[in-house]
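Student: Those letters in the sequence shown? Residues 0 to 198, by numbering that gives the first Met the number 0.
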Amino acid sequence: MIKKGFTLAEVLITIGIIGVVAALVIVPFMQDIQNKDLATSAKVFEKRFEEALRVMNTQGTLSGYDSTQEFVEALSKNFKVSKICDNSHLNQCFKSKFYDAEKNDIILSDISLSRQLAPQDWGTEVVGLRFGNGMSAIMAYNPKCEENPTDNMIPVMNCIAMVYDTNGNGKPNQLSKDVHTINTSTGLGVIARVNGVKI
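1. For residue 158, name the three-state secondary structure that DSSP assigns.
2. For residue 31, which of helix, strand or coil comes out of DSSP?
3. Helix, strand or coil for residue 128? Go by DSSP, reduced to three states.
4. Assuming residue 71 contacts residue 126 (C-beta within less than 8 Å), just tell me the rounded distance between them.
5. Residues in its own chain within less than 6 Å of residue 51 by CB, not counting five upstream and five downstream?
6. Buried or exposed: where does residue 155 fall if 16 or more other Cβ atoms within 10 Å of its Cβ makes it buried?
7. In the stretch 39-120, which residue ranges form an unbroken beta strand (DSSP E) of at least 3 residues, counting only runs that do not cross its ends?
8. With distances taken Cα to Cα, identify the nearest neighbour of residue 55 among 86, 169 and 151.
9. Using a Cβ distance threshold of 8 Å, determine whether the stretch 81-96 contacts the stretch 123-142, with at least three qualifying pairs required.
10. Taking C-beta to C-beta, are residue 116 and residue 62 nearer than 8 Å?
11. Locate the beta strand (DSSP E) running through residue 165, then write down its first and last residues.
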């Protein structure tokens, strides 16, 4: 009587093929999951940050500051800030280099004043932040932002311009992936660098 079955070579070849197919499928699948996690983190962060600004508006503490540093100190009473870095030490809170959507370099030292970060020149400096949730950011404050404690529907996010990183020191350090913007100038493209030259 002849027994039918697979030879050891056939089993090994089958396992090898399954391994190759799994490797080809798992990597994009894991990248997709990571991108969704980063996008969700960004949405949650922005919602909580906006809520903190709305609380400041209700308390009458949203406007009236002459500098970003003063505003951030008031913000830290409503939103967990673990570290504040002044204008000359931004790289202690945020990456010294990150990338735009086309992977051109954006150098942190090129961003020190609100006119380099915000939609217009607010006459304030940029400050670095580390938040209690591990995220990091650079921010400029608009001293002329609107405040109305009786109206909690005013656009509170117009009070700041911010670039934040959802995964702290992790990579890829690229806009639209783990690095996001709130109320910034046109995509920060004016300060991107290609081969070290500003574009």
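Positions of the beta carbon are idealized from the N, C-alpha and C atoms, including for glycine.
Predicted model only: the values in this text are computed from it and were never measured.
Tutor: By the coordinates alone:
1. Residue numbering aside, residue 158 sits at position 159 when the sequence shown is read from its first letter. Residue 158 falls in the helix class under three-state DSSP.
2. Position 32 of the sequence shown, counting from 1, holds the residue named residue 31. In this structure, residue 31 counts as helix in the three-state DSSP scheme.
3. Counting from 1 along the sequence shown, the entry for residue 128 is found at position 129. Of the three classes helix, strand and coil, the one that applies to residue 128 here is strand, per DSSP.
4. Walking along the sequence shown from the start, residue 71 turns up at place 72. Walking along the sequence shown from the start, residue 126 turns up at place 127. Yes, they are in contact, since the Cβ atoms of residue 71 and residue 126 sit about 5 Å apart, within 8 Å.
5. Here residue 51 is taken as the residue at index 52 of the sequence shown, counted from 1. Around residue 51: 77 and 78.
6. Here residue 155 refers to the residue found at position 156 when the sequence shown is read from its first residue. Answer is buried; the Cβ neighbour count reaches 16.
7. 80-84, 96-98 and 104-106
8. Residue mapping note: residue 55 aligns to position 56 of the sequence shown, counting from 1. Residue 55 has its Cα closest to that of 151, out of 86, 169 and 151.
9. yes
10. Taking the first residue of the sequence shown as 1, we reach residue 116 at position 117. Taking the first residue of the sequence shown as 1, we reach residue 62 at position 63. Not a contact, by the Cβ cut-off of 8 Å.
11. Your numbering for residue 165 matches position 166 in the sequence shown. Looking at the DSSP string, residue 165 is not in any beta strand (DSSP E), and its letter there is neither H nor E.
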